[in-house]
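> Numbered by our numbering, the letters in the sequence shown go through residues -17 to 105 in order.
All C-beta atoms in this analysis are idealised placements derived from N, C-alpha and C, irrespective of residue type, glycine included.
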Amino acid sequence: MPGQTGVSGPRFDHQDTAVVAVRGEIDIATADDMRDRMLAAAGEERRTALLVADLSGVGFFDASGVRALMAVRRRLDARGVRMALGGPSPAVLRTLEALGLAGCFTVLPQAQVPFTARSAARR
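1) Excluding the five sequence neighbours on either side, which residues of its own chain have a C-beta within less than 6 Å of the C-beta of residue 68, listed in chain order?
2) So what's residue 12 in DSSP terms, helix, strand or just coil?
3) Please give me, in chain order, every unbroken run of the alpha helix (DSSP H) with length at least 4 that falls completely inside the segment 19 to 94.
4) In angstroms with no decimal places, state the Cα-to-Cα distance between residue 63 and residue 46.
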């Protein structure tokens, strides 16, 4: 639905931790925007140690979204930046599981997203 899809953020919980909130439908029309915003949140000019993608508000998630997440992860891995999926919705989990990629990401329960982002930044 128009107007209900988007990526907010970044919201920095600490100097070296970024949380990017994603909501709505992530498909071929929106996946590149999600990727670009996540990469911007953990940009090289920032001292980001952890990027948390809050996916709790995603209602639809297809292989385009997975491709975008994998691209972000590869770029961050190359720079030594950790990535976690925060509270992924059932739609996200179903897609990752169907593609056999659920184990490729650290998954945080939604209730732990703010706490984990703050505590990870202190390490």
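The short version:
1) Cβ neighbours of residue 68 beyond the five flanking positions: 34, 36, 90, 95.
2) In this structure, DSSP gives residue 12 a state outside helix and strand, which the three-state scheme calls coil.
3) Whole alpha helix (DSSP H) segments, 4+ residues: 45 to 61, 72 to 80.
4) Their Cα atoms are separated by approximately 22 Å.
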